[in-house]
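Before any comments, here is the structure.
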Amino acid sequence: MNIYDSHSALKKKKISSLELITEALKKAHQNKNNSFISLTSDLALNQARTADEEISARGPRSWLHGIPYSLKDLFITKGIRTTAGSKILFNYVPPYDGFISKKISNAGGVLMGKVSCDEFGMGSTNENTPFGPVHHPLNPEFVAGGSSGGSAASVAEGSAAFSMGTDTGGSIRLPANFCGLVGFKPTYGRVSRYGQIAYGSSLDQAGPITHSVLDAACVMEFITEKDLLDVTNVANKKMSVVHELEKIKSGYLKDKTIGFSQEFIDACDPEVRNSLNDALKIFENEGAKLKNISLPHLKYSVAAYYLIATSEASTNLARYDGIHFGFRDKMSSKNLEDTYIRSRTLGFGEEVRKRIILGTFSLSAGYQDQYFAQACKVRRKIYEDFTTAFFQCDAIFSPVCASVAFKQGESKQDPIKMYMNDLYTIPVNLAGLPGLAIPFGHHKGLPTGFQLIGKSFQDEELLKIGHAFESVVKG
Ligand code: GLN
Numbered sequence: 002m003n004i005y006d007s008h009s010a011l012k013k014k015k016i017s018s019l020e021l022i023t024e025a026l027k028k029a030h031q032n033k034n035n036s037f038i039s040l041t042s043d044l045a046l047n048q049a050r051t052a053d054e055e056i057s058a059r060g061p062r063s064w065l066h067g068i069p070y071s072l073k074d075l076f077i078t079k080g081i082r083t084t085a086g087s088k089i090l091f092n093y094v095p096p097y098d099g100f101i102s103k104k105i106s107n108a109g110g111v112l113m114g115k116v117s118c119d120e121f122g123m124g125s126t127n128e129n130t131p132f133g134p135v136h137h138p139l140n141p142e143f144v145a146g147g148s149s150g151g152s153a154a155s156v157a158e159g160s161a162a163f164s165m166g167t168d169t170g171g172s173i174r175l176p177a178n179f180c181g182l183v184g185f186k187p188t189y190g191r192v193s194r195y196g197q198i199a200y201g202s203s204l205d206q207a208g209p210i211t212h213s214v215l216d217a218a219c220v221m222e223f224i225t226e227k228d229l230l231d232v233t234n235v236a237n238k239k240m241s242v243v244h245e246l247e248k249i250k251s252g253y254l255k256d257k258t259i260g261f262s263q264e265f266i267d268a269c270d271p272e273v274r275n276s277l278n279d280a281l282k283i284f285e286n287e288g289a290k291l292k293n294i295s296l297p298h299l300k301y302s303v304a305a306y307y308l309i310a311t312s313e314a315s316t317n318l319a320r321y322d323g324i325h326f327g328f329r330d331k332m333s334s335k336n337l338e339d340t341y342i343r344s345r346t347l348g349f350g351e352e353v354r355k356r357i358i359l360g361t362f363s364l365s366a367g368y369q370d371q372y373f374a375q376a377c378k379v380r381r382k383i384y385e386d387f388t389t390a391f392f393q394c395d396a397i398f399s400p401v402c403a404s405v406a407f408k409q410g411e412s413k414q415d416p417i418k419m420y421m422n423d424l425y426t427i428p429v430n431l432a433g434l435p436g437l438a439i440p441f442g443h444h445k446g447l448p449t450g451f452q453l454i455g456k457s458f459q460d461e462e463l464l465k466i467g468h469a470f471e472s473v474v475k476g
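Per the working numbering, residue 2 is the first one in the sequence shown, and the count goes up by one each step.
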């Protein structure tokens, strides 16, 4: 079930929203991949009936009207439990809607429910959550990827036509890549973060997980409006790109230059490397010029990221103190300080506590210059590497991950190796650029793919290049 075709079927009255939703609910109720934390079946059925009435009177008002979608449980939804995948927000029901849920609901999207994620977005496998691991939709022994694993699994299993995820260091692109889907992280500042539970505020960005680049563009049109409630949201024009994508013919790639780093490709597992080389050949056959570029500081990105992201997380997560929000240890706390300590110790999972400690340390007096400030300098160097590279190319081609999906439990055996797996996605967040994961090929039943990185605020151009590639492959 994809957005574009479902929209056209709804428009031609070949199908109703209620039929789409009933079909999606069947899959969601089976919950065989453990994608959902909270299913909103009654709401979905009501929204579908309303959508059908509106569509039969005036036709669909947007690409998303009457279409089922899911939301990562980091997006604030009025009256609907929002947990951030954490025990500390286990029973939290927000009194307001965030930007994303408001915009998609205004466009007529039908919310199926809130889907699982690593606690506060911290992880790459969707195993770091008390709600249990999310399974890979094609093989339950593997992970769906994280942290937006529930988002990817819900789309792949058919319980949603699209899902909204968040990406701090790869959390949209990685699960999309593992599950054979498209994942788009827009330029930082392009989509409002109002009502998105914060992990690393200078890195976090919301974006869609979909079946195609065209579908990603359909979603982007409704979430790129300027929002005064987020000061980092840039006054940019609302995206309107679907009609341009519709016109793109294969010749579009002819005068494009695609940058790539041979070193990155060579460092991947053989099955991923083969699919990357095959994808590059397609660009070449379509007339694109390929240019080997150098990005010398990217090797430091994981180290810089884990200082910046955890530092920001340590301050962002200070608000969960057992007093203002969520879980409070009432039983054995003796005084106020004890309440803070016990509520946070019991409410946060191990990975989150570890990161709060690292972030607090890197920001502490005496160490700040050595760690946090150094990491910020490295971040600048990474940004400059990209700026230089973009003088020579229109988009950069890169792996999303060096391997296909990991086995369940593997991440616990070697956490450092797991952190290093984000090597290709993290630099994009550090530089604030748009990144688009595109599926291409399979290995032993598991999907492979690649990533295209675009110039700052040229999200539309990136979607066009991605769509042109997809059109060639899909025929
Ligand atoms: N895996 C990375 C982390 O754990 C990225 C997560 C994300 O993008 N939210 O920080």
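Cβ coordinates follow ideal geometry from the N, Cα and C atoms, glycine included.
Quick caveat, the model's predicted, so the values are computed rather than measured.
Check: residue i C-beta below 7 Å from any heavy atom of the ligand GLN
i	result
D74	no
A52	no
S125	yes
T188	no
A432	no
D168	yes
M302	Looking at the sequence shown, residue 302 is not Met but Ser. S302: no, Cβ never under 7 Å from the ligand GLN.
D415	no
A310	yes
S404	no
G122	yes
Y425	no
G86	no
Y200	yes
S412	no
G184	no
G150	no
G436	no
S172	yes
Cβ-based neighbour list, residue i, same chain, cut-off 8 Å, excluding 5 preceding and 5 following
i	result
S102	L72, F76, I77, T78, K79, L112 and G196
F387	L296, I397, P428, A432, L434 and I454
L447	H137, L139, N140, F143, F179, V405 and A406
D216	N3, I4, Y5, A162, F163, V183 and P209
D279	F441 and G442
Between the CA atoms of residue j and residue i - distance to the nearest angstrom
i	j	result
N129	E120	6 Å
E20	Q48	12 Å
V220	L424	27 Å
P187	T258	21 Å
L337	S344	10 Å
N275	K445	13 Å
L308	V353	14 Å
L464	K378	30 Å
E461	L40	33 Å
V449	G442	The residue asked about is misnamed: residue 449 is Thr in this sequence, not Val. Spanning the two alpha carbons is a distance of roughly 5 Å.
G327	V156	29 Å
E411	V273	19 Å
S193	I68	22 Å
F362	K290	46 Å
D322	I342	8 Å
I417	S9	46 Å
R50	Q459	38 Å
D228	F100	8 Å
Close Cβ partners of residue i (< 6 Å) along its chain, the five nearest in sequence each way excluded
i	result
K456	F391
N286	none
K28	E158, G159 and S160
Buried or exposed (CB count within 10 angstroms, at least 16 for buried), residue i
i	result
R380	buried
V116	buried
E351	exposed
T346	exposed
P440	buried
E313	buried
S302	buried
K172	One point to set straight first is that residue 172 is Ser, not Lys, in the sequence displayed. So S172 ends up on the buried side.
V94	exposed
Y97	exposed
Q452	buried
7 Å Cβ shell around residue i - same chain, five flanking residues per side excluded
i	result
A108	S63, L65, H66 and F223
C394	T258, I259, G260, K292 and I294
A145	N34, N127, V135, H136, H137, P138, A153, A154, P176, F179 and C180
S36	V116, S117, V135, G151, A154, S155, E158 and S160
A199	D205 and N317
A268	A403
At least three beta-carbon pairs within less than 8 Å, the region 463–473 to the region 238–252
With the cut-off at 8 Å, the region 463–473 and the region 238–252 touch.
For the structure I just gave you, are there three or more beta carbon pairs, one from the region 228–247 and one from the region 366–374, closer than 8 Å?
Contact between the region 228–247 and the region 366–374 is absent, because fewer than three Cβ pairs lie under 8 Å.
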